[in-house]
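Position 81 of the sequence shown, counting from 1, maps to 81 under the UniProt record's numbering, and the rest follow consecutively. Presented below is the structure to which this report refers.
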Amino acid sequence: MAPAALLSPEPPVVIGPATKKATRPSSALPQSLIDGARIAKKDTFNAAKHLNFQAPKRIYTMEEIGLEGQGISPHAGSEPFSLFNEEAIKQMRAEIFSDEVLADCQYSSTFNKHMVRGMGPAYVLLILGMLVAFTNFTSRAPFTYAAWNDPEVLRRISEVAGIDLIPSIDFEIANINISVNGNPQPVPEQQVPSNEELPAVAWHYDSFPFVCVTMLSDCTGMVGGETALRTPSGDIMKVRGPAMGRYIEHQALKALGGRERISMVTCFRPKDPMVRDETVLVGVRGISDLSELYTQYTEYRLELLEERLRLKRKEERRRVVAKRPFDIADIRQFLKEQKAFLESMLEEIIEVD
1 MAPAALLSPE PPVVIGPATK KATRPSSALP QSLIDGARIA KKDTFNAAKH
51 LNFQAPKRIY TMEEIGLEGQ GISPHAGSEP FSLFNEEAIK QMRAEIFSDE
101 VLADCQYSST FNKHMVRGMG PAYVLLILGM LVAFTNFTSR APFTYAAWND
151 PEVLRRISEV AGIDLIPSID FEIANINISV NGNPQPVPEQ QVPSNEELPA
201 VAWHYDSFPF VCVTMLSDCT GMVGGETALR TPSGDIMKVR GPAMGRYIEH
251 QALKALGGRE RISMVTCFRP KDPMVRDETV LVGVRGISDL SELYTQYTEY
301 RLELLEERLR LKRKEERRRV VAKRPFDIAD IRQFLKEQKA FLESMLEEII
351 EVD
């Protein structure tokens, strides 16, 4: 898959939740939900055993929604598709509702009352003589973490997205939104509200280039729950698959009916270091452990910069061997892009009062 060009229109401005600092939920989840997620035996993720990919019936393009040339892929979003089998979902639910995860990883915001975030590996800084390195020392959700880092899973997600993707940072494996209806009732068709009356989350842009929303609940009897995309012309369209939410204005629609709605949102970024990375933290800063978030963000961004400089140096060496003249304009443009890359980091790594 060819990488997107580095030059593009300015990305949209992201507006985050009013919550400024990590906040725990004010109410507990139902014990029945927690007990119902327990399983007798925990398993290790195996794509051959746990993957159940079925390609989406349709993929929407950026051109179709009036945003051609924006973003990092020609694909805007897709129809829903199967990715994991039922056994994999049970393993993920068991990790989400484990005592350790619920004790350490619950968050709440003005966007979502109950969330589980940052349940992947926790990191510690090791200093050994002159060597400084980050290492993870605990894994609260090894099955879920392994699933989203599995090469076959990433290949399928990238296939739908139209560009090679990798998870953004470990803290974003994953964001689980949890809502519970204590007294579910069937929803008569004549009582189903219109799209405009069903917002679960306000219109917004994501902090990360691509997101994949995985439903972890039984959808029987459920109405709604799609992602609504708003085009530049003002038209509304609904999708359920991966969407380039950093560049497309969208909102989650409420799901009516059903006892629960548990959705896992996993964030991705381009695998190719030369593809522009317009990740911002404004949408997640107030619902994250800042030390973990800033550590992982800084680490991967510096790795990107390091790889870009290494590749540019190799390109310059090839130029010299080929006896081509020095290209002042090209080098200046490259340096301007890296300067902007570093300046964007300064805008994201800030003190929070």
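Think of the CB as a built atom: it goes at the ideal place given N, C-alpha and C, for glycine as much as any other residue.
- Message: For a quick check, are the C-beta atoms of proline 17 and serine 108 less than 7 Å apart?
- Response: no
* To do: State buried or exposed for leucine 253, treating a residue as buried only when at least 16 other CB atoms are found within 10 Å of its CB.
  => Burial call: buried.
Contact belief for alanine 76 with isoleucine 248 at Cβ below 8 Å, rounded distance in angstroms: 6 Å
If I follow the unbroken alpha helix (DSSP H) through leucine 309, where does it start and stop? 290-321
Given that a residue counts as buried once 16 or more other Cβ atoms are within 10 Å of its Cβ, and exposed if not, what is aspartate 164?
Label assigned to aspartate 164: buried.
**Study point:** DSSP three-state assignment for glutamate 172, whether helix, strand or coil
**Key:** helix
Quiz item: Can the beta-carbon of arginine 301 be found less than 7 Å from the beta-carbon of methionine 345?
Solution: yes
| According to the neighbour-count rule (16 or more other Cβ atoms, all chains shown, within 10 Å of its Cβ), is glycine 120 buried or exposed? | buried
Q. Between which two residues does the beta strand (DSSP E) containing residue 356 stretch?
A. Here the chain covers residues 1 to 353 and nothing more, so residue 356 does not appear.
Item to check | For serine 139, three-class secondary structure by DSSP | outcome: strand
- Query: In whole angstroms, what is the alpha-carbon distance linking methionine 92 and threonine 144?
  - Reply: Cα to Cα, methionine 92 sits roughly 6 Å from threonine 144.
So serine 179 and histidine 250 are supposed to be a Cβ contact under 8 Å. How far apart are they, rounded? Not a contact, Cβ separation roughly 18 Å.
Quiz prompt | Alpha-carbon spacing of serine 139 relative to glutamate 95, whole angstroms | solution = 10 Å
> Can you tell me the Cα-Cα spacing of glycine 162 and arginine 156, whole angstroms?
Replying inline: 10 Å
Please classify proline 188 as buried or exposed, where buried requires at least 16 other C-beta atoms within 10 Å of its C-beta. With a pLDDT of 48 at proline 188, under the threshold of 50, the modelled position of that residue is not reliable, and no figure is offered here.
According to DSSP, is glutamine 338 part of a helix, a strand, or is it coil?
Correct three-state label for glutamine 338: helix.
Quick one: what does DSSP say isoleucine 248 is sitting in, helix, strand or coil? coil
N-terminal and C-terminal residue of the alpha helix (DSSP H) that glutamate 63 is part of: Segment: none, glutamate 63 is in no alpha helix (DSSP H) and carries neither H nor E.
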